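Undergrad:
Protein chains in written order, with the UniProt record's numbering: chain A, 1 to 302; chain B, 1 to 302.
1. If you run the structure through DSSP and keep just helix, strand and coil, what is residue 268 of chain B?
2. Only counting the same chain, and skipping five residues up and downstream in sequence, which positions put a Cβ closer than 8 Å to that of residue 161 of chain A?
3. Output yes if chain A places a C-beta closer than 7 Å to the C-beta of residue 123 of chain B; else output no.
4. What residue from A:290, A:296, A:297 and A:141 has the CA that sits closest to residue 69 of chain A's CA?
5. Once you ignore the five residues that flank residue 114 of chain A on each side, which residues in its own chain have a CB closer than 6 Å to its CB?
6. Under 7 Å between beta-carbons, which chain B residues line up against residue 133 of chain A? List them in chain order, please.
7. Within 7 Å of any Cβ in chain B, is that where the Cβ of residue 167 of chain A sits?
8. Helix, strand or coil, according to DSSP, for residue 176 of chain A in the structure here?
9. Give the straight-line distance between the Cα atoms of residue 32 of chain A and residue 18 of chain A, rounded to the nearest whole angstrom.
10. Report buried or exposed for residue 173 of chain A, applying the criterion of at least 16 other Cβ atoms within 10 angstroms of its Cβ.
11. Give me the chain B residues within the contact set of residue 39 of chain A, using Cβ-Cβ distance strictly less than 8 Å, ordered along the chain.
12. Using a 10 Å radius around the Cβ and a threshold of 16 neighbouring Cβ atoms, would you call residue 299 of chain B buried or exposed?
13. Alpha carbon to alpha carbon, how far is residue 197 of chain B from residue 203 of chain A?
14. Helix or strand or just coil, what does DSSP make of residue 110 of chain B?
15. Taking all protein chains shown into account, decide if residue 71 of chain B is buried (16 or more other Cβ within 10 angstroms of its Cβ) or exposed.
16. Compare the C-beta of residue 42 of chain A with all C-beta atoms of chain B and state if any pair is closer than 7 Å.
17. Kindly indicate if chain A contains any beta-carbon less than 7 Å away from that of residue 184 of chain B.
18. Along the chain, where does the alpha helix (DSSP H) containing residue 198 of chain A start, and where does it finish?
19. Count the C-beta pairs between the stretch 142-156 of chain B and the stretch 167-184 of chain B that are closer than 8 Å, then say yes if the count reaches three, no if not.
20. Can you pull out the residues from the stretch 95-106 of chain B whose beta carbon lies closer than 9 Å to at least one beta carbon of chain A?
21. Find the residues of chain A that neighbour residue 163 of chain B, judging by a C-beta separation of less than 8 Å, and give them in chain order.
22. Which chain A residues sit within Cβ distance under 8 Å of residue 144 of chain B?
23. Taking only the alpha-carbon atoms, compute the straight-line gap between residue 8 of chain B and residue 226 of chain B and give it to the nearest angstrom.
24. Across which residues does DSSP place residue 187 of chain A in a beta bridge pair?
25. Answer with buried or exposed for residue 121 of chain A, where buried requires no fewer than 16 other C-beta atoms within 10 angstroms of its C-beta.
26. Contact between the stretch 229-236 of chain A and the stretch 207-214 of chain A is defined here as three or more beta-carbon pairs at a separation below 8 Å; is this criterion met?
27. Give me the chain B residues within the contact set of residue 147 of chain A, using Cβ-Cβ distance strictly less than 7 Å, ordered along the chain.
28. For the alpha helix (DSSP H) containing residue 147 of chain A, name the first residue and the last one.
29. Let me see if you follow: with CB-CB separation under 7 Å, is residue 20 of chain A close to chain B or not?
30. Can you tell me whether residue 73 of chain A is helix, strand or coil according to DSSP?
31. Does residue 97 of chain B come out as helix, strand or coil in the three-state DSSP assignment?
32. Quick check on residue 105 of chain A: does DSSP put it in helix, strand or coil?
33. Given residue 25 of chain A, which residues of its chain have a CB within under 6 Å of its CB, disregarding the five upstream and five downstream residues?
34. Within a Cβ cutoff of 8 Å, which residues of the same chain sit near residue 100 of chain B, ignoring the five residues on either side of it in sequence?
35. Just the Cα atoms here: how many angstroms apart are residue 213 of chain B and residue 284 of chain B?
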């Protein structure tokens with residue numbers, strides 16, 4: 001077992017660049033998952049590792065940066081960084097299933113039910129959700145903080161959060177009228193926003209600090225992220241984005257671009273990025289990497 | 001909100017009968033789930049409630065009885081009782097999916113994907129898993145105990161536990177040779193045993209006591225339960241059992257009855273029940289309701 005990335009050292013107090021911190025978070029996820037699944041040889045464990053690879057690692061980065069801002073070590077942050085990426089990967093596997101969005105491509109590679117089969121995809125997703133809670137419970141932080149992380153993760157991912165948002169999204173497909181702007185905003189706040197906000201606020205919760213500024217940051221970032229996603233669905237190239245594009249618009253789905261128009265959607269995303277950056281004021285310059293991340297979200301090409 | 005069943009009172013120190021305790025556990029599950037899902041009106045929440053109904057509530061009973069043995073109140077036990085039934089219900093919903101066991105009938109009613117659709121079944125199962133961890137984190141017991149419960153629940157339900165066992169079961173269907181007795185025993189210890197043992201040991205963990213005797217009880221009970229299930233698959237009547245019977249044997253699946261013969265399987269189940277009862281010696285007569293439960297398992301008709 002290679003514990004090189006997990007040496008008990010304070011996270012560098014100087015601000016890392018966004019790219020460095022992203023790469024750092026991805027390395028922590030990889031090490032934690034390999035360690036957690038070291039005893040498992042079957043197709044489920046393989047599919048779990050496969051599904052956690054190839055993403056940007058934005059959610060894991062948010063946990064890592066929030067932890068750094070609150071003086072936590074990488075050893076303390078690593079299981080929580082891996083937990084949010086495991087939970088996100090589970091949601092993608094299940095969203096891609098034939099009975100849901102029926103996607104063949106994810107992150108530029110076949111989806112899990114295409115690379116294996118549907119049963120493996122259901123079970124690998126299920127096991128990644130279990131693993132996320134296991135990892136949160138293993139973090140070397142006070143028990144009160146671990147309980148608060150696990151409780152809020154369960155809420156953010158459950159029927160009041162991510163799963164509820166996904167259900168609204170599916171219901172909207174067969175609704176007689178397309179959703180309005182308020183409805184789409186509320187839907188996305190649950191479907192993608194809840195977990196992004198959880199990731200942003202995790203560092204404060206790990207340290208027993210007030211999560212309010214990071215919650216405000218995460219809420220604005222999550223919505224900006226979704227608007228940017230809708231813009232990419234229109235403007236992006238499938239090969240570059242790594243999944244099918246033009247799909248939402250083609251399906252007559254209500255999107256921020258469809259509701260606001262392309263230019264107004266871009267302006268709204270920029271304004272949300274400014275809100276996100278302003279929410280970080282209490283942290284001063286130490287939060288510049290999180291500000292860089294917010295600006296990246298509206299400029300990304302994939 | 002009706003909190004009648006949740007008044008903060010010590011669990012009756014006199015031994016309840018098995019039937020009374022089962023009914024008590026089912027009432028706690030119902031009250032906890034209704035409270036947890038009170039703000040949710042959509043089909044996912046409806047399917048979640050539907051899937052948690054109609055079962056015996058054996059796992060919830062095990063949590064409740066273990067809690068009573070360790071002097072905990074019903075208020076303290078209730079969220080954990082509901083958590084294990086929510087987790088069990090999630091596993092049944094996903095096991096019944098067309099890509100898994102493809103069952104139309106469960107507990108005498110249409111399975112969730114038949115009563116709603118596959119997407120609702122996947123999401124309701126996912127949300128029940130989240131809810132199980134949320135409920136464990138909400139129990140009014142020390143944070144250390146909540147973390148230990150959540151951690152062990154994640155392990156028992158994940159790739160090293162229930163999901164891993166289900167994957168082995170699916171793999172066995174297409175394996176060139178049927179499984180041997182040791183392999184079927186190991187498979188069932190993961191697929192159904194891990195959660196039964198978790199339920200049995202939860203009360204000790206809630207109280208910060210040594211869970212070893214209840215783990216031994218749960219391990220023996222879980223295996224006896226699975227052997228009894230195989231016997232019911234042969235001897236049971238579908239209408240009474242509430243799901244298709246003769247299915248495992250018909251599918252050429254390795255079962256305890258197939259490997260041992262009917263009479264030897266019955267003898268093995270009886271011997272395991274005696275082991276389970278003996279493991280409760282440290283609790284004396286206070287554990288008689290758990291002993292009654294173990295004996296029920298091999299005499300049940302559904």
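For every residue, glycine included, the Cβ atom is placed at its ideal position computed from N, Cα and C.
Since the model is a prediction, treat every value here as computed from it, not as a measurement.
TA: This is what the structure gives:
1. It is helical.
2. Excluding its 5 nearest sequence neighbours in each direction, residue 161 of chain A has C-beta neighbours in its own chain below 8 Å: 155, 190, 194 and 195, listed in chain order.
3. Residue-level contact check: residue 123 of chain B touches chain A, since one or more beta carbons of chain A fall below 7 Å from its beta carbon.
4. Selection A:290, A:296, A:297 and A:141 evaluated against residue 69 of chain A yields A:290 as nearest (Cα-Cα).
5. For residue 114 of chain A, where only same-chain residues beyond five positions count, the Cβ hits under 6 Å are 104.
6. Per Cβ cutoff of 7 Å: 133, 150 and 154.
7. Output row for residue 167 of chain A: interface = yes.
8. Reduced to three states, the DSSP call for residue 176 of chain A is coil.
9. Computed Cα separation, rounded: 21 Å.
10. Residue 173 of chain A comes out exposed.
11. Contacts between residue 39 of chain A and chain B, judged by CB atoms closer than 8 Å, involve 160 in chain order.
12. If you draw a 10 Å sphere on the C-beta of residue 299 of chain B, you find fewer than 16 other C-beta atoms in it, and that means exposed.
13. Computed Cα separation, rounded: 34 Å.
14. Three-state DSSP puts residue 110 of chain B in a strand.
15. In the assembly as shown, residue 71 of chain B is an exposed residue. Its beta-carbon has fewer than 16 other beta-carbons within 10 Å.
16. Yes, residue 42 of chain A lies at the interface with chain B (some Cβ there is under 7 Å from its Cβ).
17. Taking Cβ atoms only, chain A never reaches closer than 7 Å to residue 184 of chain B, which makes this a no.
18. Annotation: the continuous alpha helix (DSSP H) that includes residue 198 of chain A extends over 194-206.
19. Result no; under three Cβ-Cβ pairs closer than 8 Å.
20. Flagged, chain order: 97, 98, 99 and 100.
21. Ordered by position in chain A, the residues that pass the 8 Å Cβ test against residue 163 of chain B are 44, 123, 126, 127 and 130.
22. Chain A residues near residue 144 of chain B: 143.
23. Confidence at residue 8 of chain B is low in this model, with a pLDDT of 44, below 50, so the placement of that residue should be treated as unreliable; the coordinate-derived value is given next. Straight-line measurement puts the Cα of residue 226 of chain B at about 36 Å from the Cα of residue 8 of chain B.
24. As far as DSSP is concerned, residue 187 of chain A takes part in no beta bridge.
25. Around the C-beta of residue 121 of chain A, 16 or more other C-beta atoms lie within 10 Å, and the residue is accordingly described as buried.
26. No, they do not touch.
27. Going along chain B in sequence order, the residues near residue 147 of chain A (Cβ under 7 Å) are 137, 143, 146 and 147.
28. Its alpha helix (DSSP H) spans residues 143-157.
29. Not an interface residue.
30. It is a strand residue.
31. Looking at residue 97 of chain B - three-state DSSP - the assignment turns out to be coil, as it is neither helix nor strand.
32. Of the three classes helix, strand and coil, the one that applies to residue 105 of chain A here is strand, per DSSP.
33. Excluding residues within five positions, the ones whose Cβ falls inside 6 Å are 57, 60, 61, 64 and 81.
34. Same-chain partners within the cutoff: 94, 166 and 170.
35. Here the alpha carbon of residue 213 of chain B sits roughly 12 Å from the alpha carbon of residue 284 of chain B.
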